[in-house]
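Colleague: Residue numbering for the sequence shown follows the working numbering, beginning at 919 and increasing consecutively.
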Amino acid sequence: MLAEDFEVSEDGLTITFTLRDDVVFHNGEPMEAEDVIASFERWREVSTIGPNYFGEAEFESPEEGVFTVTMPEPMFVAPTLIADPQIMPHIMPAEIIEEAGDEEVSEHIGTGPYMFGAWEADQHIRLDRFEDYTSPEGEPSGMAGEFRTPRPGSPASNPGSMTSPSRSHGTTPRPSNRIPILKPFSESRASSSRS
């Protein structure tokens, strides 16, 4: 979503990304290739996945708006890994990374349609709409709206638990719960075999 396209070199060693020129961070600064490089380098240092896949990779910007990943040997899954938001780094301004040094990053500034609003531990995270967000060209994904992840054991984690006794322990009413058992299964089989 931050690159308009990418190309893998013929030898499979280099992936070249052409970055979108309309991406703005939540602090109002434009996203540059240097921010992407700093984010990838920090991710490689602090994550458990980064060194495994890209420990020997070089992250560079040969020209404005271009970001390259060069690996010592071809890795056919590299583009897929880089596109996976669960695996790859969150792109943030280089100055925030520099300020954090070896510490955890405390300023949550990204590029997406929502920006960090507030966080109350074990309660909620509030995301506010980022008015300067420019979506990439193409069809929208539909991944927007309100999502809630309730804490296990809370009333919200068991819908209906406060209003329906049959749901108080997470069970759902089933027809078998309402049919009286007249005879054990073995007795009913025995009686049918005698007939």
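The beta-carbon is built from N, C-alpha and C at its ideal position, and this holds for glycine as well. Since this is a predicted model, take the numbers as computed values, not measurements.
Have a look at Glu928 and Thr934 and give me their C-alpha separation to the nearest angstrom.
Modeller: Rounded to whole angstroms, Glu928 to Thr934 spans 12 angstroms at the Cα level.
Colleague: Going by beta-carbon coordinates alone, are His944 and Met1033 separated by less than 8 angstroms?
Modeller: Contact: yes.
Colleague: Which residues mark the beginning and the end of the alpha helix (DSSP H) in which Asp953 is found?
Modeller: Asp953 -> alpha helix (DSSP H) spans 951-964.
Colleague: With burial defined as no fewer than 16 other Cβ atoms inside 10 Å of the residue's Cβ, what is the status of Ile1056: buried or exposed?
Modeller: Per the sequence shown, residue 1056 should be read as Gly rather than Ile. By the neighbour-count rule (16 or more Cβ atoms within 10 Å), Gly1056 is not buried but exposed.
Colleague: Below 8 angstroms CB to CB, which residues in the same chain sit around Asp923 once its five sequence neighbours on both sides are set aside?
Modeller: Phe935, Thr936.
Colleague: Would you say Glu959 and Phe977 are within 8 angstroms of each other, going by their C-beta atoms?
Modeller: Yes. Within cutoff.
Colleague: Count the other CB atoms, across all protein chains shown, that sit within 10 Å of the CB of Pro1011; report buried if there are 16 or more and exposed otherwise.
Modeller: Its Cβ being crowded by 16 or more others within 10 Å, Pro1011 is buried.
Colleague: Under a three-way DSSP split, which group does Ala996 fall into?
Modeller: Reduced to three states, the DSSP call for Ala996 is helix.
Colleague: Skipping 5 residues on each side, what residues in its chain have a beta carbon closer than 7 angstroms to that of Glu925?
Modeller: For Glu925, where only same-chain residues beyond five positions count, the Cβ hits under 7 angstroms are Thr934.
Colleague: Tell me where the beta strand (DSSP E) around Glu1038 begins and ends.
Modeller: Residues 1032-1038.
Colleague: Measuring straight from C-alpha to C-alpha, what distance separates Ala1120 and Ile1027?
Modeller: Because residue 1120 is not part of the residues shown, which for the chain are 919 to 1113, the question remains open.
Colleague: Helix, strand or coil for Ala975 per DSSP?
Modeller: If DSSP states are grouped into helix, strand and coil, Ala975 belongs with coil.
Colleague: Where does Leu920 fall in DSSP's three states?
Modeller: If DSSP states are grouped into helix, strand and coil, Leu920 belongs with coil.
Colleague: Grouping DSSP H, G and I as helix and E and B as strand, with all else coil, what is Pro969?
Modeller: Helix at Pro969.
Colleague: Please report the Cβ distance between Ala956 and Ile1015, rounded to the nearest whole angstrom; I am assuming they are in contact, meaning their Cβ atoms lie under 8 angstroms.
Modeller: Contact flag correct, Cβ pair sits at about 5 angstroms.
Colleague: Around the Cβ of Ile1043, are there at least 16 other Cβ atoms within 10 angstroms (buried) or fewer (exposed)?
Modeller: With fewer than 16 Cβ atoms within 10 Å of its Cβ, Ile1043 is classed as exposed.
Colleague: Using alpha carbons as the reference points, say which of Asp1040, Thr1029, Pro1054 lies closest to Asp1046.
Modeller: Residue Thr1029 is the option with its Cα nearest to Asp1046.
Colleague: Distance, Cα to Cα, Glu982 vs Arg938?
Modeller: Each residue's Cα considered, the two are about 11 angstroms apart.
Colleague: Among residues of its own chain, excluding the 5 on either side of Phe1048, which ones have a beta-carbon nearer than 8 angstroms to its beta-carbon?
Modeller: His944, Gly1030, Pro1031, Tyr1032, Met1033.
Colleague: Is Phe994 buried or exposed, if buried means 16 or more other CB atoms sit within 10 Å of its CB?
Modeller: Looking at its Cβ environment, which holds fewer than 16 other Cβ atoms inside 10 Å, Phe994 is exposed.
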